[in-house]
Amino acid sequence: MSNCQTAPISTTASSASSPSPAEPLAVIACGALGAHIREITARRGWPVQLHCLPALLHNRPDHIAHEAERLARAALAAGQRAAIAYADCGTYGALDELCTRLGLRRLPGLHCYDLFAGPGRIQALFDAEPGTYVLTDFLVRSFRRTVLAELGLDRYPQLWPDYFGNYRRLVWLAQERGPALEEEAGQVAAMFGLPLTVVETGISGLERELSRLVGRDDPHLCSAKAAPAASTGHVRAEHPGPAAISAGPAGAVCEH
9 MSNCQTAPIS TTASSASSPS PAEPLAVIAC GALGAHIREI TARRGWPVQL HCLPALLHNR
69 PDHIAHEAER LARAALAAGQ RAAIAYADCG TYGALDELCT RLGLRRLPGL HCYDLFAGPG
129 RIQALFDAEP GTYVLTDFLV RSFRRTVLAE LGLDRYPQLW PDYFGNYRRL VWLAQERGPA
189 LEEEAGQVAA MFGLPLTVVE TGISGLEREL SRLVGRDDPH LCSAKAAPAA STGHVRAEHP
249 GPAAISAGPA GAVCEH
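Encoded structure:
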């Protein structure tokens, strides 16, 4: 289990284009991305203070913007800059509205799948088979707890067809493919009784967009007076299924 740090991640000296180490950027992140963001920011030496919201909020996406605003306002009140490490994530523009009001930026895309594989590639997957259920490493690891238990399928397995009966294939967007995860992904596929397609994505897409978010290329990118993020439009109708989710208090658990 990886825990989000609520103190600034240690940094090394960097170019003048990076934010000052004395002024860590408060990044309000989805718990499902927390471990990746923590690793990237530490490796790159970015002065970031990571605050993770529970990824279980994906079960109630109408609450995401409210909780993100609570943490963002606390950071701004403390004199920090802030950024939102979420895609739209089912908020239907609520995060964009928050960013407009507070002068923040968020990660691009409709959901984290776009960050890993690119929006064009994701759209092509759903165009080829609308009944596609998408897995990430996070969801592979936590499927029994964050999907089966949260939907009550561990107690009422007869409801499985009601939730998943219309899916026709599974696609695993593999960030760090390995034997253990392959076995777990195979177990999830066996639950569905469906073929598993593995698409190796790594985390380079997330790292690229995170670099832009934290102002690696532009020190003013994430300032409180930065231009608001552009609208991303509506979430696709072919929703990939229950979101990758994780329990835990805000600012604590990022990924299991």
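Its first residue numbered 9, the sequence shown is counted upward by one per residue in the numbering used here. Note that CB positions come from ideal geometry on N, CA and C, so glycine has one too.
Legend entry - Where the beta strand (DSSP E) containing LEU41 begins and where it ends: If you look at LEU41, you'll find it isn't in any beta strand (DSSP E); DSSP assigns it neither H nor E.
Inset, instruction - Ignore the nearest five residues each way along the sequence and tell me which others in LEU79's own chain have a CB closer than 6 Å to its CB. - result: Answer for LEU79: ILE36 and HIS59, listed in chain order.
Inset, instruction - Report yes if the CB atom of GLU217 is closer than 7 Å to the CB atom of LEU115, and no otherwise. - result: Annotated as proximal: GLU217 and LEU115, with beta-carbon spacing under 7 Å.
Legend entry - GLN57 - containing beta strand (DSSP E), residue span: Going by DSSP, GLN57 is part of the beta strand (DSSP E) stretching over 56-61.
Legend entry - Cα-Cα separation, SER150 to HIS119: Answer to the nearest angstrom: the Cα atoms are 18 Å apart.
Legend entry - Pairwise C-alpha distance: ARG68 and ILE253: For ILE253, the predicted structure reports a pLDDT of 29, less than 50, and the residue's modelled location is therefore unreliable. The matter cannot be settled from this model.
Legend entry - CA-to-CA distance, CYS97 to HIS242, given in whole angstroms: Bear in mind that the predicted position of HIS242 carries a pLDDT of just 29, short of 50, making it too unreliable to give a figure here.
Inset, instruction - Could you tell me which residues DSSP puts in a beta bridge with TYR141? - result: Beta bridge pairing from DSSP links TYR141 with LEU178.
Inset, instruction - With DSSP as the reference, label THR209 as helix, strand or coil. - result: Of the three classes helix, strand and coil, the one that applies to THR209 here is coil, per DSSP.
Inset, instruction - Thinking GLY139 and ARG176 are a contact (beta carbons under 8 Å), I'd like their distance in whole angstroms, please. - result: The distance from the Cβ of GLY139 to that of ARG176 is about 4 Å, consistent with a contact at the 8 Å cut-off.
Inset, instruction - Could you work out which residue in ALA193, ALA73, PRO165 and ALA50 is closest to ASP145 when comparing CA atoms only? - result: Of the listed residues, the one whose Cα sits closest to ASP145 is ALA193.
Legend entry - Span of the beta strand (DSSP E) around ALA93: Residues 90-93.
Legend entry - Buried or exposed by the 16-neighbour rule on C-beta atoms within 10 Å, applied to LEU167: It counts as exposed.
Legend entry - Burial state of GLU77 (16 or more Cβ within 10 Å): Buried is the call here.
Legend entry - Rounded separation between TRP54 and GLN88 - CA only: Roughly 15 Å separates the two Cα atoms.
Legend entry - Boundaries (first-last residue) of the alpha helix (DSSP H) holding HIS270: The first residue shown for the chain is 9 and the last is 264, placing residue 270 beyond what the model contains.
Inset, instruction - Counting only the same chain and skipping the five closest in sequence on each side, list residues whose C-beta sits under 7 Å from that of ALA235. - result: Summary for ALA235: the model assigns pLDDT 33, below 50, so the residue's position carries little reliability, and this model does not support an answer.
Inset, instruction - Going by DSSP, name the residue or residues bridged to ARG114. - result: Checking the DSSP bridge columns, you'll see ARG114 partnered with ILE92.
Inset, instruction - Using the DSSP secondary-structure output, state which residues sit across from ILE36 in a beta bridge. - result: DSSP lists HIS59 and ILE92 as the beta-bridge partner residues of ILE36.
Legend entry - Short Cβ contact (7 Å threshold) for LEU147 with GLY213: Result no, Cβ atoms of LEU147 and GLY213 do not sit closer than 7 Å.
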